[in-house]
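Asker:
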Amino acid sequence: MVGESGCGKTTLLRVLARLYEPTAGKILLFGEELPRRLNRKEELKFRKLVQMVFQDPFASLNPTKRISHILERPLKIHRIENEEQILKNVLEDVELIPPESFLEKFPHELSGGQRQRIVFARAIITKPKIILADEPTSMLDVSIKSGILNLMLKLKEEHGISFLHVTHDLAAAKYISNRIVVMYAGLIVEEGDAKEIVNRPMHPYTMLLREAAPDPDRGSSTTLVDVGEPPSLIDPPLGCPFEPRCKYAKAECKEPVQLREVDGRKVRCVLY
Ligand code: SF4
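Residues in the sequence shown are numbered from 465 upward in steps of one, following the numbering used here.
1. Starting from methionine 647 and walking both ways along the beta strand (DSSP E), at which residues does that stretch end?
2. CB-CB under 8 angstroms to leucine 697, same chain, minus the five flanking residues each way: which ones, in chain order?
3. Considering only their Cβ atoms, is the gap separating leucine 596 from valine 514 smaller than 8 angstroms?
4. Please classify histidine 623: is it buried, with 16 or more other beta-carbons within 10 angstroms of its beta-carbon, or exposed?
5. List the endpoints of the continuous alpha helix (DSSP H) containing leucine 551.
6. Let me check understanding here. Comparing Cα to Cα, which of Thr631, Glu559, Gly489 lies closest to aspartate 598?
7. Can you tell me whether arginine 581 is helix, strand or coil according to DSSP?
8. Going by the CB atoms, is the gap between isoleucine 534 and isoleucine 582 shorter than 8 angstroms?
9. Could you have a look at histidine 629 and say whether DSSP puts it in helix, strand or coil?
10. Measure from the alpha carbon of isoleucine 550 to the alpha carbon of each residue in Glu559, Ile561, Glu536, then state which is nearest.
11. Measure from the C-beta of alanine 636 to each C-beta in chain D and report whether the shortest distance is under 8 angstroms.
12. Alpha carbons only, please: which of Phe570, Ala676, Met647, Lys509 is nearest the one belonging to cysteine 733?
13. Sort out for me which residues DSSP pairs glycine 656 with in a bridge.
14. Put lysine 730 into one of helix, strand or coil per three-state DSSP.
15. Tell me, please, whether the stretch 657-676 touches the stretch 717-730 by the rule of three or more beta-carbon pairs shorter than 8 angstroms.
16. Looking at C-alpha atoms only, which residue of Gly611, Thr601, Ile531, Arg543 is the closest neighbour of leucine 574?
17. Let me know if phenylalanine 584 comes out buried or exposed under the rule of 16 or more other beta-carbons within 10 Å of its beta-carbon.
18. Starting from the Cα of aspartate 633, find the closest Cα among Arg643, Ile608, Ala676, Pro592 and give me that residue.
19. Just to confirm, are proline 571 and proline 527 a CB contact at a threshold of 8 angstroms?
20. Nearest to glutamate 556 by alpha carbon, out of Gly692, Pro701, Arg586, Lys505?
21. Per DSSP, which one or two residues make a beta bridge with leucine 493?
22. Nearest to glycine 577 by alpha carbon, out of Ile625, Ser565, Pro521?
23. Could you check where the beta strand (DSSP E) with valine 764 kicks off and where it finishes?
24. Less than 7 angstroms separating the Cβ of histidine 542 from some heavy atom of the ligand SF4?
25. Just reading off the alpha helix (DSSP H) that leucine 619 is part of, what are its end residues?
26. Looking at the strands, I want to know which residues DSSP matches up with leucine 807.
27. Taking Cβ to Cβ, would you say proline 708 is nearer than 8 angstroms to proline 700?
28. In terms of residues, what are the limits of the alpha helix (DSSP H) holding arginine 674?
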């Protein structure tokens, strides 16, 4: 899920993670609609299947607890037998080797990248099917980011975990995703195959995101700020929310625009 700050992607992710109560719509998990409120038993079942990884690896781990304690906690909550071997295996899964050397450490003794790997280890220890990852690389150095993206790819392939990865980085989205959803001002504006969307964007906002993405070959001439700010979500425009920034805007863009199927993807734009 791609979009710039304030477009609503983190809010949507938190609604999906059941951290915010939805005000409208449905959430389907494996085709079944989730009730608006979960009881304790349903909540536990949901949390075992759907885990979340947050942006900030420094704030995600309790600084007063050792890594072994941090990893044991979900096992206790879900009443999974706690054996040291489970902890060692999960540390190996996130490529923290040798695992014994990490178990007795505190978070402050680890680098940012290592902490984010611990966050992933804690997320996968209950064997979830889905991980909702909110900008998991945005606070890490560039040199460490690719390691975390590759770890997500490995967990996807070897553990069969699906990720919903929220990012403002189109290149990272293309690198690890099968599908991309582009959000703008709280709306999905384009959705489809990841490579198709990045190589051949159809919505003018996706085109702008691509133009603004750093590219070592062509440089990047446009920045998102050059074409103005996104609209306020408190009082969103009636028509296409991208209209004030869009170079293709015309009169009909002042009316609400629906998401339509175009060439195997979905686009919310009157040009199609
Ligand atoms: Fe631009 Fe109109 Fe398309 Fe919105 S609907 S992106 S304003 S052309």
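Built from N, CA and C at the ideal position, the CB exists for glycine as well.
Answerer: According to the structure shown:
1. 643-648
2. Gly470, Gly472, Ala649, Gly650
3. yes
4. exposed
5. 548-557
6. Thr631
7. helix
8. yes
9. strand
10. Glu536
11. Considering every chain present, this structure includes no chain D. It has just one protein chain.
12. Met647
13. Ile644
14. strand
15. yes
16. Ile531
17. buried
18. Ala676
19. yes
20. Arg586
21. Glu496
22. Pro521
23. Since the first residue of the chain shown is 465 and the last is 736, residue 764 is not available in this structure.
24. no
25. 606-623
26. For residue 807 there is no data in the structure shown, the boundaries of the chain being 465 and 736.
27. no
28. 668-676
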